[in-house]
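The structure appears below as structure tokens.
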Amino acid sequence: MRGIVKKLLYWEWALLLILLPIFLFPQGIHGAIIFLIPVLWALRKLSMGYVFPPTPYNLAVIILIFTMGLSSLVTFDLALSIPRISMLLVGIALMFATVHHSRESSVWPVVATYMFIGLMLALIGLIGTQWPAPFDALNHIRRVTGIFPQGMPGTSEGIVNANELAGVLCWIAPFMLACVVGFRKQLWQGHAFVYVALIISTTICSMLIIATSSRGGIFAFGVSAMLVVAFFVNGRWRLVLAIGLLVTILVLFSNSNGLSVKDIVGDDLGLDGRIEIWSRALLALQDHPLTGLGMNGFRRIVRVLYPLFGISNEIDLGHAHNHLLQVAMDLGVPGLISYLSLWIISAGLLWATYRNLARRKAQQHPYYALVAGLSGAVCAGWLFGVFDAVALGSRPSFMWWL
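With this note's numbering, the residue at position 402 of the sequence shown is 627, and numbering never jumps.
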């Protein structure tokens with residue numbers, strides 16, 4: 226029996242990913258997730274002596290779970306919060322399950338699975354998004370394939386939000402790009418087909434970010450792509466990349482004087498709309514600093530208690546359009562602190578690993594490419610989150626935890 230439990234926990238991450246499509250759409254199954262995850266954690270405690278594998282993230286994650294439970298006590302509509310709570314639990318469980326598997330065996334199955342799921346999400350987005358001009362020709366793909374004729378399940382009006390798709394792909398595309406550059410010799414010599422597939426996948430994800438017309442997503446990916454490339458070039462070329470990035474930013478800001486505030490950001494809300502949303506989020510945070518509004522509560526409460534005068538009621542505000550403010554709305558200031566800690570710890574670990582590999586002149590080590598890719602993903606995710614957000618507990622947010 227003990228051996229069966231250990232085998233189950235060894236493949237826990239794969240089990241959760243297999244069950245994920247079932248968890249995503251049927252509303253009634255979310256309660257089962259809230260039950261299943263603690264059962265798996267209890268099994269790990271009984272068989273291995275700990276609930277979570279020891280990592281630098283543990284304290285921050287425990288605080289995050291505590292704040293999630295606290296916010297669920299004050300949420301005005303538990304039915305609205307439970308889907309977000311359950312998916313946040315799935316994300317946390319996935320993180321610790323992948324840590325356990327990587328330590329027991331190898332990190333590479335997780336890496337390959339991450340990129341495969343990323344490609345699948347990109348293809349789902351390709352079919353389910355209403356593409357704006359000049360990329361509106363992509364809308365024919367949905368009509369030709371006939372997939373999701375009634376619209377994408379679980380989305381607003383059956384359409385994948387283009388900005389949210391850009392945010393998700395910003396986690397994936399830089400990582401793929403680093404693997405394309407870092408593993409080119411190993412894969413081309415021994416696994417040419419895999420390398421070609423990786424190049425195609427990276428191209429699809431990168432092009433779809435551009436096709437979303439999300440200026441925040443495009444900017445975030447552009448900066449992260451430069452960061453990834455900087456890992457693989459010498460100091461002189463790094464200087465060239467830095468100068469190029471600075472010039473690009475200056476050009477964008479100089480040209481923005483002739484654009485409307487809507488065009489600067491690139492969607493219907495625009496910069497003025499975001500500033501109004503942020504001001505309401507700050508007011509809500511002043512009123513509920515410890516608990517926030519409950520997970521997924523901002524979208525409903527903001528219209529009632531903190532009315533928006535410049536934004537139509539027809540626009541569904543799924544989040545606060547800033548990842549830090551959205552976490553504060555969901556989990557309060559303690560949750561925001563733990564969330565920030567996760568970013569800081571990640572950046573610190575990546576920096577320490579990079580310095581260790583660079584000191585050993587181990588730029589050809591496979592982990593060097595992983596550090597480059599994860600650094601790019603962290604950079605892109607943070608930059609995208611300044612003007613938009615993929616909320617914790619939203620359907621694609623499990624990728625952030627992987």
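All C-beta atoms in this analysis are idealised placements derived from N, C-alpha and C, irrespective of residue type, glycine included.
Nothing here was measured: the structure is a model prediction, and the numbers come from that model.
One Cα belongs to Cys-604, the other to Trp-568, and the distance between them is close to 10 Å.
With respect to the C-alpha of Pro-308, the residue from Ala-616, Trp-626, Ala-467, Trp-625 having the closest C-alpha is Ala-616. Only exposed fits Gln-588, as fewer than 16 other CB atoms lie within 10 angstroms of its CB. For Thr-354, DSSP records a beta bridge to Val-385. Counting the other Cβ atoms within 10 Å of the Cβ of Pro-621 gives 16 or more, which makes it buried. The stretch 350-370 and the stretch 439-452 do not touch, with fewer than 3 CB-CB distances between them shorter than 8 Å. Between the stretch 494-502 and the stretch 265-281 there are fewer than three inter-stretch CB-CB distances shorter than 8 Å, so the stretches are not counted as touching.
The distance from the Cβ of Ala-337 to that of Leu-265 is about 23 Å, inconsistent with a contact at the 8 Å cut-off. Per DSSP, reduced to three states, the secondary structure at Thr-300 is coil, with no helix or strand assignment. If you compare the alpha carbons of Phe-456, Val-558, Leu-510, Ala-450 with that of Lys-586, the shortest gap goes to Phe-456. Contact check between the stretch 387-395 and the stretch 594-613: three or more CB pairs, one atom from each, fall below 8 Å, which counts as touching. A Cβ-Cβ distance of about 6 Å is found for the pair Ile-502 and Ala-545, placing them in contact under the 8 Å criterion. Annotated three-state conformation of Leu-533 is coil, per DSSP.
Taking every protein chain shown into account, the CB of Arg-499 has 16 or more other CB atoms within 10 angstroms, so this residue is buried. Straight through space, the alpha carbons of Ala-506 and Asp-512 are spaced by roughly 10 Å. In the structure shown, Pro-263 falls within a helical segment according to DSSP collapsed to helix, strand and coil. Restricting attention to Gly-407, Arg-367, Leu-305, the CA atom closest to the CA of Gln-355 is found in Arg-367.
Rounded to whole angstroms, the separation of the alpha carbons of Leu-344 and Ala-239 is 17 Å.
A Cβ-Cβ distance of about 12 Å is found for the pair Ala-614 and Asn-521, leaving them out of contact under the 8 Å criterion. Ranking Ile-424, Leu-244, Met-624, Leu-515 by CA distance to the CA of Thr-292 puts Leu-515 first.
Contact between Ser-311 and Ile-349 is ruled out by a C-beta separation of about 20 Å, above the 8 Å threshold. Taking Val-458 as the centre and dropping the five residues before and after it, the same chain places the C-beta of Leu-466 closer than 8 Å to its C-beta, in chain order.
Annotation for Trp-503: the continuous alpha helix (DSSP H) segment containing it runs 495-512. Here Asn-283 carries a helix assignment [DSSP, helix/strand/coil]. In terms of Cβ geometry, Leu-346 and Val-393 form a close pair [threshold 8 Å]. Going by beta carbons, Trp-333 and Met-624 fall outside the 8 Å limit.
Spanning the alpha carbons of Trp-236 and Gln-411 requires a straight line of approximately 27 Å.
Excluding the 5 residues flanking it on each side, Leu-561 has same chain C-beta neighbours closer than 6 Å at Val-552, Ala-553, in chain order.
Contact between Leu-574 and Pro-281 holds: their C-beta atoms lie close to 7 Å from each other, under 8 Å. Cβ neighbours of Leu-305 within its own chain (closer than 6 Å, five residues either side excluded): Asn-521. Ala-594 is not a Cβ neighbour of Phe-341, given a cutoff of 8 Å.
Scanning Phe-523, Ser-331, Arg-580, Gly-598 for the CA closest to the CA of Leu-542 turns up Phe-523. Ala-614 sits in coil when the DSSP states are folded into three classes, being neither helix nor strand. The shortest CA-to-CA distance from Gly-519 to any of Ile-287, Gly-618, Val-472 is the one to Gly-618. Under the three-state reduction of DSSP, Gly-274 is assigned to coil, being neither helix nor strand. In this structure, the alpha-carbon of Ser-504 lies about 12 Å from that of Phe-534.
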